[in-house]
Amino acid sequence: MTKLTISDLDLKGKRVFIRVDFNVPLKDAAVTDDTRIRETLPTLRLAIEKGGRLVLASHLGRPKGPDAKYSLKPAAKKLEELLGKPIAFGLDCIGPGVEGQSKALRDGEVLVLENVRFHPEEEKNDEAFSKQLAALCDGIFVCDAFGSAHRAHASVVGITHFVQQAAAGLLMEKELSYLGRAVTDPARPFVAILGGAKVSDKIEVVENLMKIADAMLIGGGMAYTFLKADGQPIGKSLVEDDKIDLARRLREEARQKKFALLLPVDHVVGAEFKADTATQTVSTSATPDGWMGLDIGPKTIDTYKQKIAGAKTIVWNGPMGVFENPAFARGTLEIAKAVAAATTSGATSIVGGGDSVAAVHQSGVADKISHMSTGGGASLEFLAGRKLPGVEALTNK
Ligand code: AMP
Numbered sequence: 210m211t212k213l214t215i216s217d218l219d220l221k222g223k224r225v226f227i228r229v230d231f232n233v234p235l236k237d238a239a240v241t242d243d244t245r246i247r248e249t250l251p252t253l254r255l256a257i258e259k260g261g262r263l264v265l266a267s268h269l270g271r272p273k274g275p276d277a278k279y280s281l282k283p284a285a286k287k288l289e290e291l292l293g294k295p296i297a298f299g300l301d302c303i304g305p306g307v308e309g310q311s312k313a314l315r316d317g318e319v320l321v322l323e324n325v326r327f328h329p330e331e332e333k334n335d336e337a338f339s340k341q342l343a344a345l346c347d348g349i350f351v352c353d354a355f356g357s358a359h360r361a362h363a364s365v366v367g368i369t370h371f372v373q374q375a376a377a378g379l380l381m382e383k384e385l386s387y388l389g390r391a392v393t394d395p396a397r398p399f400v401a402i403l404g405g406a407k408v409s410d411k412i413e414v415v416e417n418l419m420k421i422a423d424a425m426l427i428g429g430g431m432a433y434t435f436l437k438a439d440g441q442p443i444g445k446s447l448v449e450d451d452k453i454d455l456a457r458r459l460r461e462e463a464r465q466k467k468f469a470l471l472l473p474v475d476h477v478v479g480a481e482f483k484a485d486t487a488t489q490t491v492s493t494s495a496t497p498d499g500w501m502g503l504d505i506g507p508k509t510i511d512t513y514k515q516k517i518a519g520a521k522t523i524v525w526n527g528p529m530g531v532f533e534n535p536a537f538a539r540g541t542l543e544i545a546k547a548v549a550a551a552t553t554s555g556a557t558s559i560v561g562g563g564d565s566v567a568a569v570h571q572s573g574v575a576d577k578i579s580h581m582s583t584g585g586g587a588s589l590e591f592l593a594g595r596k597l598p599g600v601e602a603l604t605n606k
């Protein structure tokens, strides 16, 4: 790690501004999944142990200005439960009111600010707003919001210009260490598994990982743009016609480099995109007209499983089919189990993206995965070889 981390900081008696990711799902003003809050607990406990005075900031949803529906109050309440101590809640995230609240903190106490996105300046990375955020701490900023690190927003990037030390939190450090090792020094063979609906979201990841990985297994809706580029029939399957040339170029590049870019050889097709539609399992070369591919088939599952079993590094992002529907979930759940089994045999596995993470939980193998990434978008940008502004902005050691 070339960046300062929270372990390097002296926090005793100081107000530290910690950017967390408390962008949690809510129902009736209660948190329905507290995973993201739990993930930051190690950082928060360490900051408390060090005698810091914690000022926590996060975004939640996409409010257009102040809106009680997007208040961070339920998240603060949940944190109170998890930490087992009372927590102060901010009147806002900037201004004299919260400045006063931050100054009233004693060592080890916690203040959760109101949603930073109640101010449009947050997403504009506005300088004056960043400065007002920085006024809530004593020159120390910790970023533990990996899921927001790909966004140059005020509470992630702007604030770093107005503090003396900007450090990574423990969660951020863990994410960077797993993903960093995968792209710079992976144990081999390195197998990447990519799925999900859209090829355009992941095309740069395909391009970059073709330079780094030893094999790539493609499934889900994104496979059909590649299959169409190969001249295969795809029926009514999802396709991005404006990406076919690019897909063809990548297939050609893979052929020349003898890179194992694997596509489904069979699939489960449905007559319609709905729950109880008629289905059949066919070779991809025999896709009937008017049907759409909604899951990878048994032969593909076997081939992918063999590749996964031999891997020493596995990165997986995106489901192999419409796994929300049990009729098209098998491919994704089998891949989850295969990734878990390979991990038990010594591979390092990194799973990112909400759907793949959900599939791993659904398969009951979450505890076997080496690392489940909390930031789908950020991890994809990292794997695409891009620099994350929220990481770049941290202080070098
Ligand atoms: P993404 O957000 O791009 O990772 O896509 C996730 C979504 O892709 C999930 O909701 C899946 O249901 C959907 N998906 C996966 N495979 C297919 C497919 N073959 N056709 C249509 N949608 C799919």
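Residue numbers for the sequence shown follow our numbering, so the first one is 210 and each next one is one higher. Glycine included, each C-beta is placed from N, C-alpha and C at the ideal position.
My assumption, with CB atoms under 8 Å, is that residue i sits in contact with residue j. Please give the rounded CB distance.
| i | j | result |
| --- | --- | --- |
| Asp230 | Ala354 | 4 Å |
| Gly555 | Ala358 | Not quite, the Cβ-Cβ distance comes to about 29 Å (not below 8 Å), so this is no contact. |
| Val307 | Leu345 | 6 Å |
| Pro272 | Phe327 | 6 Å |
| Ile559 | Tyr387 | 5 Å |
| Thr509 | Val474 | 5 Å |
| Pro528 | Asp564 | 5 Å |
| Arg228 | Ala266 | 5 Å |
| Leu320 | Ser311 | 6 Å |
| His268 | Asn324 | 6 Å |
| Leu403 | Ile427 | 5 Å |
| Gly429 | Gly405 | 5 Å |
Are there 16 or more other CB atoms within 10 angstroms of the CB of residue i, so buried, or fewer, so exposed?
| i | result |
| --- | --- |
| Thr211 | exposed |
| Gly222 | exposed |
| Pro275 | exposed |
| Arg262 | buried |
| Thr252 | buried |
| Ser216 | exposed |
| Pro295 | exposed |
| Thr241 | exposed |
| Glu461 | exposed |
| Thr496 | buried |
| Glu590 | buried |
| Ala297 | buried |
| Asp410 | buried |
| Glu601 | exposed |
| Phe537 | buried |
| Pro329 | exposed |
| Lys610 | Nothing about residue 610 can be read from this structure; the chain reaches only from 210 to 606. |
| Ala438 | buried |
| Ala238 | exposed |
| Pro305 | exposed |
| Gly573 | exposed |
Quick one: what's got a C-beta closer than 6 Å to residue i's C-beta in the same chain, skipping five residues either side?
| i | result |
| --- | --- |
| Gly621 | As shown, the chain starts at 210 and ends at 606. That puts residue 621 outside it, with no answer to give. |
| Val408 | Met431, Thr434, Glu449, Lys452 |
| Val392 | Ile421 |
| Lys259 | Leu220 |
| Thr557 | Thr522, Ser579 |
| Leu470 | Met425, Ala463 |
| Gly270 | Tyr279 |
| Ala396 | Lys521, Thr522 |
| Asp394 | none |
Return the chain-ordered list of same chain residues with a C-beta closer than 7 Å to the C-beta of residue i, the five sequence neighbours on each side being excluded.
| i | result |
| --- | --- |
| Ala480 | Thr486, Ala487, Trp500 |
| Leu436 | Ile443, Leu472, Thr493 |
| Asn534 | Ala484 |
| Tyr433 | Ile443, Ser446, Leu447, Val448, Gly502 |
| Lys467 | none |
| Gln571 | Leu542 |
| Val566 | Val560, Met581 |
| Pro398 | Asp423, Ala424, Gly519, Ala520, Lys521 |
| Gly506 | Pro473, Asp475, His476, Val477, Thr490 |
| Gly317 | Ile257, Gly260 |
| Ala285 | Ile296, Phe298, Val321 |
| Ile368 | Phe226, Ser339, Leu342, Ala343, Phe350 |
Which residues in the same chain as residue i place their Cβ atom closer than 8 Å to its Cβ, once the five residues preceding and following it in sequence are excluded?
| i | result |
| --- | --- |
| Leu213 | Gln374, Ala375, Ala376, Ala377, Leu603, Thr604, Asn605, Lys606 |
| Asp243 | Val233, Lys287, Leu291 |
| Val569 | Ala545, Val548, Ala549, Val560, Ala575, Ile578, Met581 |
| Leu380 | Glu248, Thr249, Pro251, Thr252, Asp353, Phe355, Thr583 |
| Val372 | Phe226, Ala343, Cys346, Gly348, Ile349, Phe350 |
| Arg315 | Arg262 |
| Leu597 | Ala358, His359, Ala587, Glu590, Phe591 |
message: Suppose only complete runs of 4+ residues qualify. What are the alpha helix (DSSP H) ranges in the stretch 384 to 454, listed by chain order?
response: For the stretch 384 to 454, whole alpha helix (DSSP H) runs of length 4 or above, ordered along the chain, are 412 to 421, 432 to 438.
Runs of beta strand (DSSP E) lying entirely within the stretch 316 to 357, each at least 3 residues, in chain order: Taking 3 residues as the minimum length, the beta strand (DSSP E) runs contained wholly in the stretch 316 to 357 are 319 to 321, 349 to 352, in order along the chain.
query: Can you find at least 3 beta carbon pairs, one from the stretch 359 to 373 and one from the stretch 327 to 338, that sit closer than 8 Å?
result: Flag = yes, the stretch 359 to 373 and the stretch 327 to 338 touch.
- prompt: What are the uninterrupted segments assigned as beta strand (DSSP E) that are 3 or more residues long and contained completely in the stretch 491 to 530, given in chain order?
  reply: Listed in chain order, the complete beta strand (DSSP E) runs (minimum 3 residues) inside the stretch 491 to 530 are 501 to 505, 522 to 526.
- request: Count the CB pairs spanning the stretch 408 to 424 and the stretch 449 to 469 that are closer than 8 Å, and state whether there are at least three.
  value: With three or more CB-CB distances shorter than 8 Å, the stretch 408 to 424 counts as touching the stretch 449 to 469.
query: Fully enclosed by the stretch 256 to 314, which beta strand (DSSP E) runs are 3 residues long or longer?
result: You should have 262 to 266.
Alpha helix (DSSP H) runs contained entirely in the stretch 547 to 596, provided each spans 4 or more residues: Look at the stretch 547 to 596 and you find these whole runs of alpha helix (DSSP H), each 4 residues long or longer: 563 to 571, 585 to 592.
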